[in-house]
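Worksheet: one structure, shown below.
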Amino acid sequence: MAVTFLNRNVSDLCVGKPALKPLSASSTLTEGLAVLEKSGESQVSVWRCDHYSKSIEVEECECECECLCVGKLCMVDMICYLCKCDNLDNLNKALETCVEQILPKGNVVVRHLAPNSSLLEAIDCILDGTQNLVIPIQNYISTKSRKTLSKPSSSSCKHRDGVEYCWITQEDVVRFLLNSVGVFSPMPNFSVESLNIIDRNVMTIRYHDPAISALDSLTLAHIEQTSVAVVDDHYRLIGEISPSTLAYCDENAAAAIMTLSAGDLMAYIDCGGPPEDLFELVKMRLQEKKLGAVLELMDREFSFISSSSSSASSYSSDDELGVCRNNGSGRYSSARRAEAITCYPSSSLVAVMIQALAHRASSVWVIDEDYTLIGCVTFKGILKVFRSLANARSKPDEDNSVKQ
1 MAVTFLNRNV SDLCVGKPAL KPLSASSTLT EGLAVLEKSG ESQVSVWRCD HYSKSIEVEE
61 CECECECLCV GKLCMVDMIC YLCKCDNLDN LNKALETCVE QILPKGNVVV RHLAPNSSLL
121 EAIDCILDGT QNLVIPIQNY ISTKSRKTLS KPSSSSCKHR DGVEYCWITQ EDVVRFLLNS
181 VGVFSPMPNF SVESLNIIDR NVMTIRYHDP AISALDSLTL AHIEQTSVAV VDDHYRLIGE
241 ISPSTLAYCD ENAAAAIMTL SAGDLMAYID CGGPPEDLFE LVKMRLQEKK LGAVLELMDR
301 EFSFISSSSS SASSYSSDDE LGVCRNNGSG RYSSARRAEA ITCYPSSSLV AVMIQALAHR
361 ASSVWVIDED YTLIGCVTFK GILKVFRSLA NARSKPDEDN SVKQ
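Numbering (the UniProt record's numbering), first residue to last: 1 to 404.
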């Protein structure tokens, strides 16, 4: 039954999925930032589509070229890019960089998949390093409505024949499996330790170390869908610097990474809204580093935030999101808290799945009783276990066919 379930079409996961908001690969970071803020999403798909020219109308283009999703852009990409000293020295020039130039090289972060592909194929793609699987939505707009479209801007990207796409993530696949977890019994009740899915090769930074020293680790964590653990001198877990939390911050987080310690950075990005004292500390250190362009940007942002803080303060917090400083776009209020999500080696697989999905975390830290860090369990590790069931069930069939 488990193998049959894993052979279901991946299109089953696309039900109710919204169409992707495409961003042209030739767009600048400034344009990409505007699309991100307008969408309210943590990431936007990046496309290379050569079937139109800025000099002609969409309805006049007869080219048969197809669109290709070449990656995705989120604030973490921009923040890590801006953290490079040369870019902070000339912020305006850095923001005019082409989006495609800052996408990860040599990593198949995004991959196209046919809607009739199996769930097993989707899992294999994820285990190969794919984060998002792009699936076409089988609905088309009419020729008449297509002719009413205006000329696309440099940051937009309209697909030929009105074809729209959605994408499914690692989280979507894990959630889909959890909804039918009984099919895989008794395996989900086994401990994560017995299933051998605790990754002990984790990235860490000490609480008082400069946050910038973890920049390479943070970039890698973004690619691998993990986080950087913040630990004390005894390797006890204090918190984390998570790409999924940074994704809801703004470009000012680059200045925070450049100037704060790991511990202060956790407080700065917690719920996406920096406390005023840390905001002022970042500004002071930017002055010391003579980064006037970044300081000017923060002053503009702080003025805007202050004008809207009174309305934000009237809302009550819940267990996960909390009240935080809001930039007016709604992005900050969507961020999860920077508190690390933890489990024990004896925790069952299904318990860890529920915990990760409840907190929208792509990895869960594994600790012992005194909070000493042991490792982490990732979505990829979880999917590897489910994938192994297909291998185990197919072996007897192969053996029987050989005997016959």
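For glycine and all other residues, C-beta sits at the position ideal for the given N, C-alpha and C.
When Leu357, Leu237, Glu280 and Gln225 are compared against Asn252, the one with the closest alpha-carbon: In this structure, Glu280 is the residue among Leu357, Leu237, Glu280 and Gln225 with its C-alpha nearest to the C-alpha of Asn252.
Cβ-based neighbour list, Pro136, same chain, cut-off 7 angstroms, excluding 5 preceding and 5 following: Closer than 7 angstroms at the Cβ level, and outside the excluded window around Pro136, lie Pro115, Val163 and Tyr165.
Where Lys38 sits in the DSSP three-state scheme: In this structure, Lys38 counts as helix in the three-state DSSP scheme.
Asn92, buried or exposed, once every other Cβ within 10 Å from all chains shown has been counted against 16: Classified as exposed, Asn92 has fewer than 16 neighbouring CB atoms from the shown chains inside 10 Å of its CB.
Asp77 Cβ short of 8 angstroms to the ligand ZN heavy atom set: Ligands in the displayed structure: none, and consequently the ligand ZN is not present.
Alpha-carbon spacing of Arg175 relative to Leu383, whole angstroms: Arg175 and Leu383: Cα-Cα distance of roughly 11 angstroms.
Cβ shell of Arg236 (< 6 angstroms), same chain only, five flanking positions each side left out: Cβ-Cβ distances below 6 angstroms link Arg236 to Tyr371 and Thr372 in the same chain, with the five nearest sequence neighbours on each side left out; the list follows chain order.
Ala293 versus Leu95 - alpha carbon distance: Straight across, the Cα-Cα distance linking Ala293 with Leu95 is about 12 angstroms.
Cβ distance (whole Å) where His222 is taken to contact Cys69 below 8 angstroms: At roughly 18 angstroms, the Cβ-Cβ gap does not stay under 8 angstroms, so His222 and Cys69 are not in contact.
Opposing strand residues paired with Gln43 [DSSP bridges]: By DSSP's assignment, Gln43 forms a beta bridge with Cys74.
Whole-Å CB distance - Phe379 paired with Ile123, under 8 angstroms assumed: Taking a contact as a CB-CB distance under 8 angstroms, the pair Phe379 and Ile123 does not count as one, their CB atoms being some 10 angstroms apart.
Extent of the continuous alpha helix (DSSP H) to which Gly263 belongs: First-last of the alpha helix (DSSP H) with Gly263: Ala262 to Ile269.
Those runs of the beta strand (DSSP E) which lie wholly inside the UniProt domain "CBS" (339 to 386) and span at least 3 residues: Segments of the beta strand (DSSP E) lying fully in the UniProt domain "CBS" (339 to 386): 363 to 367 and 373 to 378.
Short Cβ contact (9 angstroms threshold) for Tyr207 with Gly263: For Tyr207 and Gly263, yes; Cβs fall inside 9 angstroms.
Sequence-distant residues of its chain with Cβ nearer than 7 angstroms to Leu177 (five each side left out): Closer than 7 angstroms at the Cβ level, and outside the excluded window around Leu177, lie Phe386.
Rounded straight-line distance, which links the Cα of Ser346 to that of Leu133: C-alpha separation (whole angstroms): 32 angstroms.
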